[in-house]
């Protein structure tokens, strides 16, 4: 810039602030209530499980939405993980799963409710 005849950066005079926002997070108590909740309708339980999976893995909703049981792999020692292609970046990602998802729902790993497509997760 100095070569062009400017003595100072003109963008230093502009203040571009980022808007402040407050993130809402689940408390440990909220999470425990959600884990203990057992909805009557299978569709509601499916939504609850997908939300919990997002809480425990940090996956974006777009990635959770396209998960299938074929994305779940089990290692020789019994540990399970997801192998997926992330929607936003198209990068491959391996995400470990908690040791016992059955404690969250007795229907974990069964076929999803009607309308979710065959092989839907969980």
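In our numbering, the protein residues as written are 1365 to 1486.
Glycine residues also receive a C-beta, built at the ideal position from the N, C-alpha and C atoms.
Local Cβ density within 10 Å of residue i, reported as buried at 16 or more and exposed below that
i, result
"residue 1410", "buried"
"residue 1394", "exposed"
"residue 1377", "exposed"
"residue 1305", "The structure shown does not extend to residue 1305, since the chain is modelled only from 1365 to 1486, so the question has no answer here."
"residue 1417", "buried"
Whole-number beta carbon distance between residue j and residue i, since they are thought to touch under 8 Å
i, j, result
"residue 1459", "residue 1437", "Actually they do not touch by this definition, with Cβ atoms about 11 Å apart."
"residue 1448", "residue 1427", "6 Å"
"residue 1424", "residue 1451", "7 Å"
C-alpha distance - residue i paired with residue j, whole-angstrom precision
i, j, result
"residue 1456", "residue 1404", "36 Å"
"residue 1419", "residue 1380", "33 Å"
"residue 1402", "residue 1408", "9 Å"
"residue 1385", "residue 1422", "20 Å"
"residue 1406", "residue 1412", "10 Å"
"residue 1388", "residue 1434", "33 Å"
"residue 1440", "residue 1390", "34 Å"
"residue 1479", "residue 1383", "Only weak support is given to the placement of residue 1479: the predicted model assigns it a pLDDT of 49, under 50, and the value that follows is read from those uncertain coordinates. Using only the alpha carbons, I get a separation of about 39 Å."
For residue i, three-class secondary structure by DSSP
i, result
"residue 1372", "coil"
"residue 1404", "coil"
"residue 1394", "helix"
"residue 1409", "helix"
Practice problem: Report the residue ranges of all beta strand (DSSP E) runs contained in full by the stretch 1415-1474; include only those spanning at least 3 residues, in chain order. | Solution: 1436-1438, 1444-1449, 1456-1460
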